[in-house]
Amino acid sequence: MDKLTISQPDDWHLHVRTGSILRTVIAHTARQFGRAIIMPNLKPPVTMVDQALAYRQEILEALPADAAFQPLMTLYLTASTPLDEIKKVADSEFVHAFKLYPAGATTNSDAGVADIEAAFGLFAAMEKYGVPLLIHGEVTDAEHDIFDREKIFIDTKLNKITAQFPALRIVLEHLTTQEAVQFVEAAADNVGATITPQHLLYNRNAILAGGIRPHYYCLPILKREQHRLALLQAATSGNPKFFLGTDSAPHLTSLKENSCGCAGCYSAHAALELYAEAFEQAGKLDKLEGFASFFGADFYGLPRNTATVTLEKSAWQVPDVYGSLDAEITPLRAGEHLPWRLV
Ligand code: NCD
Ligand code: ZN
Numbered sequence: 000m001d002k003l004t005i006s007q008p009d010d011w012h013l014h015v016r017t018g019s020i021l022r023t024v025i026a027h028t029a030r031q032f033g034r035a036i037i038m039p040n041l042k043p044p045v046t047m048v049d050q051a052l053a054y055r056q057e058i059l060e061a062l063p064a065d066a067a068f069q070p071l072m073t074l075y076l077t078a079s080t081p082l083d084e085i086k087k088v089a090d091s092e093f094v095h096a097f098k099l100y101p102a103g104a105t106t107n108s109d110a111g112v113a114d115i116e117a118a119f120g121l122f123a124a125m126e127k128y129g130v131p132l133l134i135h136g137e138v139t140d141a142e143h144d145i146f147d148r149e150k151i152f153i154d155t156k157l158n159k160i161t162a163q164f165p166a167l168r169i170v171l172e173h174l175t176t177q178e179a180v181q182f183v184e185a186a187a188d189n190v191g192a193t194i195t196p197q198h199l200l201y202n203r204n205a206i207l208a209g210g211i212r213p214h215y216y217c218l219p220i221l222k223r224e225q226h227r228l229a230l231l232q233a234a235t236s237g238n239p240k241f242f243l244g245t246d247s248a249p250h251l252t253s254l255k256e257n258s259c260g261c262a263g264c265y266s267a268h269a270a271l272e273l274y275a276e277a278f279e280q281a282g283k284l285d286k287l288e289g290f291a292s293f294f295g296a297d298f299y300g301l302p303r304n305t306a307t308v309t310l311e312k313s314a315w316q317v318p319d320v321y322g323s324l325d326a327e328i329t330p331l332r333a334g335e336h337l338p339w340r341l342v
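Going by numbering that gives the first Met the number 0, 137 is the number at position 138 of the sequence shown; the sequence numbering is gapless.
Written out as structure tokens, the structure is:
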């Protein structure tokens with residue numbers, strides 16, 4: 000196959016930041032996707048509906064003039080989120096979910112939840128009002144090996160959450176392990192999951208073999224090949240619980256190429272192309288449309304997009320950097336050729 004037309008996709012997990020980074024990255028996403036779930040881990044975090052509405056406005060103003068893209072906002076859950084705010088999200092047209100960051104798990108997660116069980120009252124309200132809880136599923140205790148953090152989170156935290164709140168709508172974000180795939184497959188239909196392009200295309204060798212490659216460093220960290228294969232199988236299975244979420248997470252090049260480099264891969268410049276490459280490797284290009292364009296919208300109870308996009312087999316070279324001097328971002332696969340191109 001050298002041409003593929005599918006319904007316009009959406010990105011169910013995206014970081015766009017603010018200011019000059021936002022202005023650099025937002026056109027890349029708007030070119031590909033109809034909508035995106037916007038992560039709230041700004042500094043300070045987006046914790047209240049009013050802040051989310053102001054952030055939404057900033058994103059809309061940064062869009063190219065002809066873009067029809069819609070940002071779908073989320074709130075950052077903290078130990079002091081007021082119960083009232085959950086009802087406000089349920090009633091809001093523009094805010095769609097809460098994001099749970101275990102404190103210290105990732106970029107800008109210091110204000111996250113340290114004691115997850117102390118948040119159970121908030122989960123009860125989300126369950127009652129049907130507000131989705133998006134979960135960064137990693138434990139943060141220093142004694143755990145970084146490669147085991149997702150599995151231990153599932154065993155010690157997530158199982159308790161789903162047992163206590165069987166009707167809570169949960170998205171386990173950016174799956175990285177076979178155990179996470181098995182958890183989601185076995186869970187009720189109100190539990191879904193996003194999968195990133197980097198976790199479908201790479202295993203942990205990408206970060207460490209032949210030198211330290213900071214642009215492949217994201218959280219949860221890339222795992223062994225057996226896990227990549229399990230994710231690829233899940234994404235290409237046609238199971239509607241698994242849908243597209245790039246976790247495109249721009250950081251300045253200087254902060255990635257650093258003795259303590261930031262976590263996050265920037266993939267919005269070529270997101271759909273990267274997924275197409277992974278699906279083609281699995282011989283499952285026919286499953287891309289469900290994963291990219293249908294299952295996420297269905298999970299969130301939003302209409303499917305009616306426009307279409309076309310991918311063509313025609314190699315192109317990814318630039319070394321995007322942005323201006325004050326916001327230079329090194330994209331995933333910088334300088335390399337990608338086989339698929341969005342036309
Ligand atoms: C994300 C970021 O930079 O905001 N980083 C990452 O490695 N994925 C945060 C996150 O989603 O964990
Ligand atoms: Zn993320």
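Glycine included, each C-beta is placed from N, C-alpha and C at the ideal position.
As the structure is a prediction and not an experimental result, all values here were calculated from the model.
Exercise. What residue from Ser91, Ser79, Ala29 and Ala234 has the CA that sits closest to Val112's CA?
Worked result: Ser79
For this session: Would you mind giving the Cβ-Cβ distance between Leu243 and Phe290, rounded to the nearest angstrom? I have them listed as a contact below 8 Å.
Result: 6 Å
Problem set entry | Those runs of the alpha helix (DSSP H) which lie wholly inside the segment 143 to 195 and span at least 4 residues | 148 to 152, 158 to 163 and 177 to 185
For this session: Please name the residue or residues paired with Ile328 in a DSSP beta bridge.
Result: Tyr321
Exercise. Apart from the five residues just before and just after Tyr216, which ones in its own chain have a Cβ nearer than 7 Å to its Cβ?
Worked result: Ile206, Gly260 and Ala262
Problem set entry | Any non-hydrogen atom of the ligand NCD closer than 8 Å to Asn107 Cβ | yes
For this session: Decide if the segment 228 to 245 is in contact with the segment 280 to 289; the criterion is three or more beta carbon pairs, one per stretch, under 8 Å apart.
Result: yes
Problem set entry | Cutoff 6 Å; reference Tyr100; Cβ partners in own chain excluding five residues on either side | Ser108, Gly111 and His135
Problem set entry | Met38 beta carbon near the ligand ZN (any heavy atom closer than 8 Å) | yes
For this session: Can you check DSSP and say which residues form a bridge with His95?
Result: Per DSSP, none; premise fails for His95.
Exercise. Distance, Cα to Cα, His143 vs Ile151?
Worked result: 8 Å
Exercise. Under three-state DSSP, which class holds Phe241?
Worked result: strand
Exercise. Between which two residues does the beta strand (DSSP E) containing Tyr75 stretch?
Worked result: Gln69 to Tyr75
Problem set entry | CB of Ala248 within 9 Å of CB of His14, strictly | yes
Problem set entry | Ala229 beta carbon less than 9 Å from that of Thr193 | no
Problem set entry | Cβ-Cβ separation, Thr77 to Val94 (assumed contact under 8 Å), whole Å | With 8 Å as the limit, Val94 and Thr77 do not qualify as a contact, their Cβ atoms being about 15 Å apart.
Exercise. So Glu279 is in the beta strand (DSSP E); what residue range does that whole segment cover?
Worked result: Counting along the chain, Glu279 falls outside any beta strand (DSSP E), though it belongs to the alpha helix (DSSP H) covering Ala270 to Gln280.
For this session: Count the C-beta pairs between the segment 1 to 18 and the segment 33 to 48 that are closer than 8 Å, then say yes if the count reaches three, no if not.
Result: yes
Exercise. Buried or exposed: Pro44, going by 16 or more other Cβ atoms within 10 Å of its Cβ?
Worked result: buried
Problem set entry | Phe119 versus Glu126 - alpha carbon distance | 10 Å
Problem set entry | Bounding residues of the alpha helix (DSSP H) (the contiguous stretch that carries Ile20) | Gly18 to Gln31
For this session: In the DSSP assignment, find the unbroken beta strand (DSSP E) run with His336 in it and report its ends.
Result: His336 to Leu341
Exercise. Where does Ser108 sit, in a helix, a strand or coil, going by DSSP?
Worked result: coil
Exercise. Looking only at DSSP bridge pairs, what is Glu84 linked to?
Worked result: Per DSSP, none; premise fails for Glu84.
Exercise. Does the ligand ZN have even one heavy atom less than 8 Å from the beta-carbon of His226?
Worked result: no
For this session: Inspect the beta-carbon positions of Asn257 and Arg223 and report whether they are closer than 9 Å.
Result: no
Exercise. Is Ile145 buried or exposed, if buried means 16 or more other CB atoms sit within 10 Å of its CB?
Worked result: exposed
For this session: Per DSSP, which residues does Gln56 bridge with? Please list them.
Result: Its beta-bridge partners do not exist; DSSP assigns none.
Problem set entry | Proximity winner among Gly191, His268, Arg212 and His173, relative to Arg227 (alpha-carbon distances) | His173
For this session: Measure the beta-carbon distance from Trp315 to Leu331 and round it to whole angstroms, keeping in mind my assumption that it falls under 8 Å.
Result: Contact flag wrong, Cβ pair sits at about 14 Å.
Exercise. Is Glu288 closer than 9 Å to Ser6 when the C-beta atoms are compared?
Worked result: yes
Exercise. Which value, in whole angstroms, describes the spacing of the CA atoms of Thr161 and Val88?
Worked result: 21 Å
Problem set entry | Any non-hydrogen atom of the ligand ZN within 8 Å of Glu84 CB | no
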